[in-house]
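What follows is a single structure, written as structure tokens, with notes after it.
Spelled out as structure tokens, the structure:
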């Protein structure tokens, strides 16, 4: 199959590209990987906001599967550049969905026991979540053939990164190392997260690309182990054999806590249920 992957230089995109190109899968797939800000071997530089260029590329390539990994993933950046975030997370997604027709946290953080199911009504708490939801809705509305498109919702991701700032999990390593040097480091112990390895997400995407039956419009994939930034930091310190005596849990003065200046509100518990994916 011809596979087109956007955001191929990002944390998730790299893992997806590697999975399709590995020894097990490379004979079955012809992979084209797109990037804009970081370009290297195996990547084509394409600005997804250039609709004319993207239309020409996709119409010429005629991919069998399009995996859209490109997005503005940073909530604080989304708040500071709402127009740019809306264009990348919503308009670009809608445009790609429209082209696919030619060729054939979005929750409020009050997860029920067992996690949000795919039928749960999203209620995003910040601009980032709102644009991701709008992009999903635009994609599902634009792809007219039922079973031809799926939105795979995932939680916060981690994995092999070019720099720790690529992941909201990896970046915690910086604080752990500062604490080991004697600095007092405060880590949030209020919001729960379910960190998921990008290589595991890539495996799921390959399986979905090769799935022979029509797909449901929305699926969830998430690790089931619960952490806070504080407990993740303690785990990192233990793994690296570093002292955790200067890592302190931040106790909020209110519930929900007020975000620091320059930061946006995060939801408390966005646990996703894997039930629908497991039933395939």
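In full-length UniProt numbering, the protein residues as written are 1 to 280. Glycine included, every Cβ here is placed at the ideal spot set by N, Cα and C. The structure presented is a predicted model; accordingly, all values stated were derived computationally and were not measured.
Strand pairing of residue i, partner residues [DSSP]
{"i": "residue 220", "result": "153"}
{"i": "residue 196", "result": "157"}
{"i": "residue 116", "result": "272"}
{"i": "residue 110", "result": "269"}
Per-residue burial, residue i [other beta carbons within 10 Å of its own, 16 or more giving buried]
{"i": "residue 238", "result": "exposed"}
{"i": "residue 73", "result": "buried"}
{"i": "residue 251", "result": "exposed"}
{"i": "residue 12", "result": "buried"}
{"i": "residue 211", "result": "exposed"}
{"i": "residue 170", "result": "buried"}
{"i": "residue 139", "result": "buried"}
{"i": "residue 59", "result": "exposed"}
{"i": "residue 127", "result": "buried"}
{"i": "residue 173", "result": "buried"}
{"i": "residue 1", "result": "exposed"}
{"i": "residue 130", "result": "buried"}
{"i": "residue 10", "result": "buried"}
{"i": "residue 243", "result": "exposed"}
Unbroken alpha helix (DSSP H) run spanning residue i, endpoints
{"i": "residue 133", "result": "127 to 142"}
{"i": "residue 169", "result": "Premise fails: residue 169 is in no alpha helix (DSSP H) and is neither H nor E."}
{"i": "residue 236", "result": "229 to 239"}
{"i": "residue 99", "result": "92 to 102"}
Run of the beta strand (DSSP E) containing residue i, from where it starts to where it stops
{"i": "residue 185", "result": "185 to 188"}
{"i": "residue 248", "result": "247 to 250"}
Proximity test, residue i beta-carbon vs the ligand NAD heavy atom, cut-off 7 Å
{"i": "residue 185", "result": "In the structure on display, the ligand NAD does not appear, and there are no ligands present to speak of."}
Q. Which runs of the alpha helix (DSSP H) spanning at least 4 residues fall entirely within the region 3 to 85, listed in chain order?
A. 11 to 21, 51 to 61 and 75 to 80
Q) So does the region 109 to 124 actually touch the region 265 to 276, counting three or more Cβ pairs closer than 8 Å? A) yes
Q.
With three or more C-beta pairs closer than 8 Å as the rule, is the region 77 to 92 touching the region 130 to 150?
A. yes
Q. Counting Cβ pairs closer than 8 Å, one from the region 147 to 157 and one from the region 218 to 226, do we hit at least three?
A. yes
Q: Count the C-beta pairs between the region 118 to 126 and the region 32 to 44 that are closer than 8 Å, then say yes if the count reaches three, no if not.
A: no
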